[in-house]
Amino acid sequence: MSKRRVIFCDFDGTITVNDNIVAIMKHFQPEGWDKLVDQVINKEITIREGVGRMFALLPTSRKEEVIDFAIRNVTIRAGFAELLDYCKREGITFLVTSGGIDFFVYPVLSAFPIPSDNIYCNASDFSGSHFRILWPHACDEHCHNDCGMCKTTIIRAYPADEYERILIGDSVTDFEGAKLVDTVYARAHLIDLCKELGLNYKPFENFYDVIQHIEELNVR
Ligand SMILES: [Mg+2]
Ligand SMILES: [Zn+2]
605 MSKRRVIFCD
615 FDGTITVNDN
625 IVAIMKHFQP
635 EGWDKLVDQV
645 INKEITIREG
655 VGRMFALLPT
665 SRKEEVIDFA
675 IRNVTIRAGF
685 AELLDYCKRE
695 GITFLVTSGG
705 IDFFVYPVLS
715 AFPIPSDNIY
725 CNASDFSGSH
735 FRILWPHACD
745 EHCHNDCGMC
755 KTTIIRAYPA
765 DEYERILIGD
775 SVTDFEGAKL
785 VDTVYARAHL
795 IDLCKELGLN
805 YKPFENFYDV
815 IQHIEELNVR
């Protein structure tokens, strides 16, 4: 029996053209955010710590403004709706695995037919003086990366002997997951990592490229 396909697809910089967390920070410019981004990229602090501390710089008095900006700022990468159609037709499970936050991930994706159970992201709490990020999908006992939203934990729920696992992503939140899957569709910084580690990857610019390559896998 052939394995069932499952796709783990990143949100920021993958489904969307821009990275929404960076866009929010660049727009609202809370004091010290840029240093935190550098520290995450240089691995001086973990993704969870960096994202948590960045949002903690934003006062909840600006909540509506931040949410409006985050949702309005989004451009969806070409071919996304078509990829969802394709997955539905082909019986491929499509999961959104995002290091982004619920207050922009769910509203943006509400335009697309993705069951909310298939969307994994971080959560938020506005009850205090500043934004607080919650981590309902933190690392399991196998991951020591302090991911925040742990893609490897979700990937492990789809065992390699039953599933052909595909990851689509662009950046630092995709690194650990990319090491586990059969095929990586990569953009930007994730391409460098895949090259460095000799992972099975294909660069892509839009989701039409991804559909075309999955079709080619079928022919082989
Ligand atoms: Mg990303
Ligand atoms: Zn993890």
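Using this note's numbering, the letters of the sequence shown map in sequence onto residues 605 to 824.
Beta carbons: idealized from backbone N, C-alpha and C, even for Gly.
Small disclaimer: the values here were computed from a predicted structure and weren't measured.
Beta carbon of residue i nearer than 7 Å to that of residue j
i: residue 789; j: residue 798; result: no
i: residue 610; j: residue 701; result: no
i: residue 815; j: residue 687; result: yes
i: residue 741; j: residue 767; result: no
i: residue 738; j: residue 727; result: yes
i: residue 662; j: residue 735; result: yes
i: residue 778; j: residue 794; result: yes
i: residue 744; j: residue 650; result: no
i: residue 693; j: residue 810; result: no
i: residue 781; j: residue 756; result: yes
Any non-hydrogen atom of ligand 1 within 6 Å of residue i CB
i: residue 614; result: yes
i: residue 706; result: no
i: residue 752; result: no
i: residue 731; result: no
i: residue 664; result: no
i: residue 654; result: no
Beta-ladder partner(s) of residue i, from DSSP
i: residue 776; result: None; residue 776 has no bridge partner.
i: residue 806; result: 789
i: residue 768; result: 609
i: residue 728; result: 737
Environment of residue i [buried if 16+ CB atoms lie within 10 Å]
i: residue 800; result: exposed
i: residue 646; result: exposed
i: residue 704; result: buried
i: residue 775; result: buried
Proximity to residue i [Cα-Cα], best of the options
i: residue 772; options: 785, 762, 766, 728; result: 785
i: residue 783; options: 765, 704, 759; result: 759
i: residue 628; options: 756, 651, 620, 677; result: 677
i: residue 695; options: 620, 811, 606; result: 606
i: residue 634; options: 683, 657, 648, 622; result: 657
Residue i beta carbon near ligand 2 (any heavy atom closer than 6 Å)
i: residue 822; result: no
i: residue 756; result: yes
i: residue 743; result: yes
i: residue 691; result: no
i: residue 747; result: yes
heavy atom of ligand 3 below 6 Å from residue i C-beta
i: residue 774; result: As far as ligands go, the structure on display features ligand 1 and ligand 2 and does not contain ligand 3.
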